[in-house]
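Chains as they are written, first to last, in our numbering: chain H, 22 to 134; chain C, 987 to 1101.
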């Protein structure tokens, strides 16, 4: 059964710092991995989708990497800003061809100005 | 930008009552989903729906739950007889194809409180 773990659970950094969020999953037979952002009381916004054939995906100040063999992904945020404060979730399909996403509990990021 | 819209944003209901949560997925999407998030817990998959039938469902999605696409635009989640433990944020989502290949778009959620 696929399980997703994210560490740390919470992170506080000053503005301008570069930071890394970690995600690990138990079943490496995945088609893709997605990173989402969730603001308090709001829905989820997809940030990056990495296909299993890719090792990295970039969008602006965000870079996500995927190492399927070790069951790990990282989300790198460069030059953090107060507007980056949110909970970041990673998710993988429940099984290789599954339509269900299994989510981690998320990392809650606070960036202070 | 196209978005998934959900109504109501917040509903309070008595235990044992039926609740219908409504969603309008992105217009050219073919796959529809419901997820829920109990306060302070992980986002959990409930059900996926394609071509007017359920593709996949979780253990949470028991006989108390049902989904329907009553017309060309709406996608609903019905909870027949609500329990206290059904209190959660319910998210509708849609994607152009199955999640294995495509970004999934979530609505803002419907917060259900069962009292």
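Every residue, glycine too, gets a C-beta built ideally from N, C-alpha and C.
Straight-line CA distance for residue i to residue j?
i               : j               : result
residue 25(H)   : residue 1069(C) : 28 Å
residue 996(C)  : residue 1077(C) : 12 Å
residue 1100(C) : residue 74(H)   : 44 Å
residue 1088(C) : residue 70(H)   : 8 Å
residue 34(H)   : residue 1040(C) : 43 Å
residue 68(H)   : residue 1052(C) : 30 Å
residue 1015(C) : residue 98(H)   : 30 Å
residue 36(H)   : residue 112(H)  : 27 Å
residue 993(C)  : residue 1096(C) : 6 Å
residue 90(H)   : residue 1010(C) : 38 Å
residue 66(H)   : residue 1092(C) : 7 Å
residue 105(H)  : residue 72(H)   : 24 Å
residue 88(H)   : residue 23(H)   : 16 Å
residue 76(H)   : residue 1001(C) : 48 Å
residue 94(H)   : residue 45(H)   : 6 Å
residue 1049(C) : residue 999(C)  : 19 Å
residue 51(H)   : residue 1020(C) : 21 Å
residue 1043(C) : residue 108(H)  : 26 Å
residue 1073(C) : residue 989(C)  : 25 Å
residue 48(H)   : residue 123(H)  : 11 Å
Is the beta carbon of residue i less than 8 Å from the beta carbon of residue j?
i               : j               : result
residue 1046(C) : residue 1030(C) : yes
residue 1008(C) : residue 1062(C) : yes
residue 128(H)  : residue 29(H)   : yes
residue 96(H)   : residue 57(H)   : no
residue 1033(C) : residue 1098(C) : no
residue 1028(C) : residue 125(H)  : yes
Residue i: buried (16+ other C-beta within 10 angstroms of its C-beta) or exposed?
i               : result
residue 1065(C) : buried
residue 1025(C) : exposed
residue 1060(C) : exposed
residue 27(H)   : buried
residue 1075(C) : buried
residue 53(H)   : buried
residue 1080(C) : buried
residue 85(H)   : buried
residue 78(H)   : buried
residue 1067(C) : exposed
residue 80(H)   : exposed
residue 1084(C) : buried
Relative to the alpha-carbon of residue i, which residue among the options has its alpha-carbon at the smallest distance?
i               : options                    : result
residue 115(H)  : 102(H), 35(H), 55(H)       : 55(H)
residue 1037(C) : 997(C), 1054(C), 992(C)    : 1054(C)
residue 102(H)  : 124(H), 82(H), 73(H)       : 82(H)
residue 130(H)  : 22(H), 23(H), 27(H), 31(H) : 31(H)
residue 100(H)  : 112(H), 133(H), 72(H)      : 133(H)
residue 991(C)  : 1073(C), 999(C), 1012(C)   : 1012(C)
residue 1058(C) : 987(C), 1018(C), 998(C)    : 1018(C)
Kindly confirm or deny that the region 61-74 of chain H and the region 32-47 of chain H touch, where touching means at least three C-beta pairs closer than 8 Å.
Contact between the region 61-74 of chain H and the region 32-47 of chain H is absent: fewer than 3 CB-CB pairs across the two stretches fall below 8 Å.
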